[in-house]
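> Residue numbers (my numbering): 3 to 289.
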Amino acid sequence: MAGAHATTVAKSVPTLAGCPLFPANSAWRKDISHARVNPHSKAWVRSVGLSGHLHADFGSNPSYGIPYSVVPTSQPKVEVTFTAYGDESDRGPYPIPPKARIEAGSDRHVLVASRNCHVYELYGARRSGNSWRAASGAVFDLRSNKLRPAGWTSADAAGLPILPGLVRPDEIRAGHIDHALRFTVARTQRGYIHPATHQAGSTNSMSAPPMGARFRLKASFSLKGYHGAALIILRCLKKYGMFVADNGSNWFISGATYRGWNDDDLNQLKRVPGSAFQVVATGRIRH
Numbered sequence: 003m004a005g006a007h008a009t010t011v012a013k014s015v016p017t018l019a020g021c022p023l024f025p026a027n028s029a030w031r032k033d034i035s036h037a038r039v040n041p042h043s044k045a046w047v048r049s050v051g052l053s054g055h056l057h058a059d060f061g062s063n064p065s066y067g068i069p070y071s072v073v074p075t076s077q078p079k080v081e082v083t084f085t086a087y088g089d090e091s092d093r094g095p096y097p098i099p100p101k102a103r104i105e106a107g108s109d110r111h112v113l114v115a116s117r118n119c120h121v122y123e124l125y126g127a128r129r130s131g132n133s134w135r136a137a138s139g140a141v142f143d144l145r146s147n148k149l150r151p152a153g154w155t156s157a158d159a160a161g162l163p164i165l166p167g168l169v170r171p172d173e174i175r176a177g178h179i180d181h182a183l184r185f186t187v188a189r190t191q192r193g194y195i196h197p198a199t200h201q202a203g204s205t206n207s208m209s210a211p212p213m214g215a216r217f218r219l220k221a222s223f224s225l226k227g228y229h230g231a232a233l234i235i236l237r238c239l240k241k242y243g244m245f246v247a248d249n250g251s252n253w254f255i256s257g258a259t260y261r262g263w264n265d266d267d268l269n270q271l272k273r274v275p276g277s278a279f280q281v282v283a284t285g286r287i288r289h
């Protein structure tokens with residue numbers, strides 16, 4: 003019996019590049035299924051859209067989703083020159099492999115998970131000979147809960163790491179996701195809630211959610227009829243929820259680029275209305 007229990011516990015630890023995905027007491031791994039509802043929940047859900055629907059911002063098309071690389075500890079590091087947000091970026095060099103993929107679209111993220119238990123992320127990345135240029139960059143230690151300095155961005159508008167919040171195919175194959183996800187909303191207020199450290203809002207109105215607000219799928223929402231990846235994602239959203247991480251299309255959940263995604267499976271998420279969500283209380287809004 004003890005051995006079976008140990009096996010169950012081990013399976014519940016999310017990993018990335020062979021490392022636990024942050025410490026056990028990380029906000030990313032916190033079970034919020036019974037957390038208190040935020041007093042602004044109704045207004046924030048209404049702001050994102052009661053009649054809107056969940057949407058997987060990834061799929062079998064390789065131009066969708068956010069690609070990432072996993073590298074060994076021996077991966078050579080390259081210099082990165084930072085431009086727009088250089089004063090809020092973690093200096094290089096970064097262990098970016100020569101064939102690292104750049105996210106399609108305007109954000110041009112480059113994400114690297116190293117087996118040294120660090121995640122390296124760039125925003126607005128472009129190759130420059132044997133080095134790189136980027137608007138901003140951030141390094142996160144998977145063994146630490148340390149946040150970015152107050153007011154600092156990362157490769158994401160909320161100052162959060164991107165890669166830990168993606169839906170990844172390895173977790174879908176395992177049958178469970180044991181951490182919070184990331185999603186985008188069109189309109190945010192000028193403020194943030196930890197673990198976010200940065201705002202990129204367009205309003206001071208308290209009716210719009212701040213960066214870092216944590217949305218949860220209601221326990222009462224029936225999962226009957228859902229299957230495959232969609233069911234795994236929805237179970238995750240009931241237990242761990244999703245963080246407002248960037249400005250973008252409402253209710254768009256981020257996932258890794260992967261040709262093997264089953265689009266029909268993921269399209270089940272489009273049946274989940276915004277009204278099925280609520281926001282949990284996870285801390286005060288910082289400005």
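Using N, Cα and C, we set each Cβ at its ideal position, and we do this for glycine too.
Kindly give me the distance between the Cβ atoms of Glu81 and Pro95, rounded to whole angstroms, as I take these residues to be in contact under 8 Å.
Contact flag correct, Cβ pair sits at about 5 Å.
> I'd like to know whether the C-beta atoms of Lys272 and Leu23 end up nearer to each other than 8 Å.
Cβ atoms of Lys272 and Leu23: not closer than 8 Å.
> To which residues does DSSP link Gly1 through a beta bridge?
No answer is possible for residue 1: the residues shown for the chain start at 3 and end at 289.
> Per the contact definition of three or more C-beta pairs closer than 8 Å, is the segment 123-138 in contact with the segment 81-92?
Judged by Cβ distances under 8 Å, the segment 81-92 makes contact with the segment 123-138, as three or more pairs qualify.
> Looking at C-beta atoms only, is the number of pairs between the segment 206-217 and the segment 183-197 that lie closer than 8 Å three or more?
Taking 8 Å as the limit for Cβ pairs, the verdict is that the segment 183-197 does touch the segment 206-217.
> Based on Cα-Cα distance, which residue from Ala247, Thr155, Gly250, Thr199 lies nearest to Ser91?
Ranking Ala247, Thr155, Gly250, Thr199 by Cα distance to Ser91 puts Thr155 first.
> What span of residues does the alpha helix (DSSP H) with Arg237 cover, start to end?
Here the alpha helix (DSSP H) through Arg237 covers 230-241.
> Rounded to the nearest angstrom, what separates Ala202 and Gly139 at their Cα positions?
Ala202 and Gly139: Cα-Cα distance of roughly 16 Å.
> Is Asn249 closer than 8 Å to Thr186 when the C-beta atoms are compared?
Yes. Within cutoff.
> Below 6 Å CB to CB, which residues in the same chain sit around Ile98 once its five sequence neighbours on both sides are set aside?
Once the five neighbours on either side are set aside, the close Cβ partners of Ile98 are Val80, Val114.
> For Ile174, which of helix, strand or coil comes out of DSSP?
It is helical.
> To the nearest angstrom, how far is the alpha carbon of Arg184 from that of Phe245?
Spanning the two alpha carbons is a distance of roughly 5 Å.
> Whose CA, out of Thr75, Ser53, Lys32, lies closest to the CA of Val274?
Among Thr75, Ser53, Lys32, the Cα nearest to that of Val274 belongs to Ser53.
> Along the beta strand (DSSP E) that carries Val50, what are the first and last residues, could you check?
From DSSP, Val50 is part of no beta strand (DSSP E) but of the alpha helix (DSSP H) over 43-50.
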